[in-house]
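One line per chain: the protein sequences are V and P, in this order. Our numbering applies: residue 114 is where the first sequence begins, and numbers increase by one. Our numbering applies: residue 114 is where the second sequence begins, and numbers increase by one. Don't be surprised by glycine CBs; every beta carbon is placed ideally from N, CA and C. Note that the coordinates shown come from a computational prediction; the quantities given were computed from them, not determined experimentally. Data block below; observations after.
2 protein chains.
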Amino acid sequence: MNAPVLLFSSELDDPEPWRDLFARHRPDVDFRVWPDVGNASAITHALIWNIPKGALKRMPNLRAVFALGAGVDQIICDPDSPRGVPLFRLVDAGLREQMTEYALYGVLHWHRRMGEYTAFSSKREWRRLDAVHPSQRRVAVMGLGVFGSDLVRKLSAMSFRVSGWSRTRKTIDGVDCYAGPQELPTFLSHAEILVNLLPLTDETRGILNADLFGQLPGNGALIHLGRGGHLVGQDLIAALESQRLDWAMLDVFPEEPLPSHSPLWSHPKILVTPHIAAQASNERTERQILESFQKFERGEEPLGRVDLSKGY
Amino acid sequence: MNAPVLLFSSELDDPEPWRDLFARHRPDVDFRVWPDVGNASAITHALIWNIPKGALKRMPNLRAVFALGAGVDQIICDPDSPRGVPLFRLVDAGLREQMTEYALYGVLHWHRRMGEYTAFSSKREWRRLDAVHPSQRRVAVMGLGVFGSDLVRKLSAMSFRVSGWSRTRKTIDGVDCYAGPQELPTFLSHAEILVNLLPLTDETRGILNADLFGQLPGNGALIHLGRGGHLVGQDLIAALESQRLDWAMLDVFPEEPLPSHSPLWSHPKILVTPHIAAQASNERTERQILESFQKFERGEEPLGRVDLSKGY
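Right, dumping it as structure tokens:
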């Protein structure tokens, strides 16, 4: 086999630290940065957050694609994305702990009525509100992959009543697990706090819509840290106006940065965060990508292989 | 023995649900409410949040005192409090989970810079801040009793670097345990987020003062949910002004409700909550008190016996 030729492509990431990383650890790798592909048939590996549609298809000798994130829909949504080439996503790099932190923060913020207490504090108002013990509070998590399963375990350890919903049935101690579209209504009917951690696929696009909000028990909270394409923004606003929902914390949006004219900004019942629920640390990401690259070359299986038939 | 005579005394709690509880389960108990003590020498049991100083001393046949809270300093601070009569405090009644929730919320709020993100959200500002992985963040918990030991375990499970400090040395997996005054400086020197869960004793009164804040690494956070008497308010304000501390979340105060003229209110770096970190649910509290009462009568040891020599 010829020396590896790695193509880097991302609108979000600076290529230079990656060039340095490979220069340090794998000086044999020919590191190229999109759009300076050179001879496309020479490319053997791709390291990408995103790349223009159809681009990967023009690389007949591509052996593996390493994604620079945990979500890979922006790669898979290209109908010309080469189906025969293995695709690996970031599976940890510190993301799991951060995702759980963010979700727990949102759960606790609403569960403990901290928005109200913060307002009281700024008005010098000593006012106690009713408290609900976690054993009386139902938290429902959509998506039970690496992130969701970590979150439900932590919630359960904190004595919350926890349910989880996934495409295929999971079994997790202390968690009521629901599966598939037919069990979604039951799962939703008691979801006081709904956390979305689903991957974006054809089945889940736009899943957070008026129909779904209408199946919730009412007056609860939504914590949305899946993918921008899950949420129908105007349906969320309507659900908040009609008390279907009481509060929402949103980290991902169809267009990022969220445009300044979006009605999601500065809504009194919405907290917008700028896609920071899980920020891969450079160090951990670099370590994982380098390890995946080397494993793949040795014929071993790197972490995070994406099942293209499922889309995650 | 004569039929039990129970004296109820609390400035905070309504006696009527308690009268009903005993009427339902122990109709033989003569239930009296302070100040209508009747013949003080008839009183055999006391159920109190607080009672005027010296009052208990005038009840020579008192067999046991049950506290209506987890903190008992307001009872013990009476030098005439009868030392020979066993005192039991609330040990759970759902308090532990709530205390951990509150502390975790505070930890996550500062750790994940949610105050800043909330301000950005209200200004339609998409701005990402640096994140710190929990394995790089030190949380230091003062007090490793029922509450503190639950909290440090949860923090450790979330991958934080956790230290604990207590009067006598504890051993807890994944937690760096420090003990006694001689190890306090080391404990404080790396405390980025300091959580106070100490009991109030002669040794801990005023412990959150300028001297202690001066030993912190600087620019961190304080989460104070011990007792009001721990904190020297003006020292906290000075520590916040001088960047010894960056943020504080306070739930307990020497005078409650916190007077409206207090400078702690509406300080941009302080979140005041009205002593709500742990609110005993009536149902759980009633169950525990009734159980303790019956156990004590049968000669068994109820939960929560206070060691009067230590003060907690």
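Buried or exposed: which applies to asparagine 309 of chain V, given that a residue is buried once 16 or more other Cβ atoms fall within 10 Å of its Cβ? Taking all protein chains shown into account, asparagine 309 of chain V has 16 or more neighbouring C-beta atoms within 10 Å of its C-beta and is therefore buried.
Does the region 271 to 282 of chain V touch the region 242 to 259 of chain V, meaning 3 or more C-beta pairs lie closer than 8 Å? The region 242 to 259 of chain V makes contact with the region 271 to 282 of chain V, as at least three CB pairs between them are under 8 Å.
Is it buried or exposed, threonine 284 of chain V, if we count other Cβ atoms within 10 angstroms and call 16 or more buried? With fewer than 16 other CB atoms across the displayed protein chains lying within 10 angstroms of its CB, threonine 284 of chain V is exposed.
Per DSSP, asparagine 309 of chain V is paired with what? Answer by DSSP bridge pairing, in chain order: V:Met255 and V:His337.
How is valine 345 of chain P classed by DSSP in three states: helix, strand or coil? Coil.
Compare the C-alpha of glycine 151 of chain P against each of P:Met172, P:Glu305 and P:Gly167 and name the closest. Its Cα nearest to that of glycine 151 of chain P, the residue P:Met172 stands out among P:Met172, P:Glu305 and P:Gly167.
Please report the residue range of the beta strand (DSSP E) in which serine 122 of chain V lies. First-last of the beta strand (DSSP E) with serine 122 of chain V: 118 to 122.
Pick helix, strand or coil for histidine 158 of chain P, following the three-state DSSP scheme. Reduced to three states, the DSSP call for histidine 158 of chain P is strand.
Could you list which residues in chain V have their beta carbon closer than 7 Å to that of methionine 227 of chain P, in chain order? In chain order: Tyr218.
Residue range of the beta strand (DSSP E) that leucine 427 of chain P falls in? Look at the range of chain P in this structure, 114 to 425, and you will see that residue 427 of chain P is not part of it.
Suppose you measure from the CA of serine 373 of chain P to the CA of serine 379 of chain P; what does that come to, to the nearest Å? About 10 Å.
Are alanine 323 of chain P and alanine 351 of chain P closer than 8 Å when you measure CB to CB? A contact, by the Cβ cut-off of 8 Å.
Own chain residues within Cβ distance below 7 Å of tryptophan 131 of chain P, not counting five before or after: Counting only Cβ-Cβ distances below 7 Å, and skipping sequence neighbours, we find Phe121 and Leu160.
Glycine 219 of chain V versus V:Leu301, V:Thr231 and V:Ile306, residue with shortest Cα-Cα distance: Looking only at V:Leu301, V:Thr231 and V:Ile306, the smallest Cα-Cα distance to glycine 219 of chain V is reached by V:Ile306.
Cα separation between glycine 207 of chain P and glutamine 407 of chain V? Glycine 207 of chain P and glutamine 407 of chain V have their alpha carbons spaced roughly 51 Å apart.
Residue span of the beta strand (DSSP E) that contains tryptophan 433 of chain P, given as start and end: This structure does not reach residue 433 of chain P, given that chain P is present from 114 up to 425, and the question cannot be answered.
Per-residue contacts from serine 272 of chain V into chain P (C-beta, under 7 Å): Under the 7 Å cutoff, chain P gives Glu210.
Contiguous beta strand (DSSP E) assignments of at least 3 residues, all confined to the region 123 to 180 of chain V: List check, beta strand (DSSP E) in window: 143 to 146, 158 to 161 and 177 to 180.
Residues of the region 183 to 206 of chain V with a CB closer than 9 Å to any CB of chain P: list them in chain order, please. Taking 9 Å as the Cβ-Cβ cut-off against chain P, none of the residues of the region 183 to 206 of chain V qualify.
Per DSSP, which one or two residues make a beta bridge with alanine 292 of chain P? According to DSSP, alanine 292 of chain P shares a beta bridge with P:Ser279.
Cβ of alanine 232 of chain V less than 8 Å from any chain P Cβ? Answer no: the Cβ-Cβ gap between alanine 232 of chain V and chain P never drops below 8 Å.
Closest to leucine 331 of chain V by C-alpha separation, out of V:Pro312, V:Phe179, V:Leu416 and V:Trp360, would be which residue? Before going on, a small fix: residue 331 of chain V reads as glycine here, not leucine. For glycine 331 of chain V, the nearest C-alpha among the options comes from V:Trp360.
What residues from chain P crowd round alanine 244 of chain V, counting only those whose CB sits closer than 7 Å? The answer, in chain order, is Gln211, Ile389 and Gln392.
Cα-Cα separation, isoleucine 336 of chain V to phenylalanine 273 of chain V: The straight-line gap separating the alpha-carbon atoms of isoleucine 336 of chain V and phenylalanine 273 of chain V is approximately 16 Å.
Arginine 418 of chain V versus alanine 183 of chain V: straight-line alpha-carbon distance, rounded: Arginine 418 of chain V and alanine 183 of chain V: Cα-Cα distance of roughly 11 Å.
In the DSSP assignment, what are the bridge partners of phenylalanine 201 of chain V? Among the bridge pairs identified by DSSP, phenylalanine 201 of chain V is matched with V:Phe179 and V:Arg418.
Can you name the residues of chain V whose CB is closer than 7 Å to the CB of valine 385 of chain P? The answer, in chain order, is Ser234.
What is the residue span of the beta strand (DSSP E) that valine 185 of chain V lies within? First-last for valine 185 of chain V: undefined, no H or E at that position.
Serine 269 of chain P versus glutamate 214 of chain V - alpha carbon distance: Serine 269 of chain P and glutamate 214 of chain V: Cα-Cα distance of roughly 13 Å.
Is serine 123 of chain V closer than 8 Å to leucine 181 of chain V when the C-beta atoms are compared? It is a contact, given that the beta carbons lie within the stated cut-off.
Runs of beta strand (DSSP E) wholly within the region 372 to 409 of chain V (minimum 3 residues, chain order): As far as the region 372 to 409 of chain V is concerned, its whole beta strand (DSSP E) runs of at least 3 residues are 383 to 385.
Using a Cβ-Cβ cut-off of 6 Å (strictly less than) and excluding sequence neighbours within five positions of threonine 314 of chain P, which residues of its own chain qualify? Excluding five sequence positions before and after threonine 314 of chain P, the CB atoms of its chain that fall closer than 6 Å to its own CB belong to Gly424, given in chain order.
Using a Cβ-Cβ distance cut-off of 8 Å, determine whether leucine 221 of chain V contacts chain P. Judged by the 8 Å Cβ criterion, leucine 221 of chain V is in contact with chain P.
Helix or strand or just coil, what does DSSP make of leucine 321 of chain P? DSSP places leucine 321 of chain P in strand when its eight states are reduced to three.
Hey, is glutamate 214 of chain P's beta-carbon within less than 8 Å of any beta-carbon in chain V? Yes, glutamate 214 of chain P counts as interfacial toward chain V.
Residue range of the alpha helix (DSSP H) that includes glutamine 211 of chain P: Going by DSSP, glutamine 211 of chain P is part of the alpha helix (DSSP H) stretching over 208 to 224.
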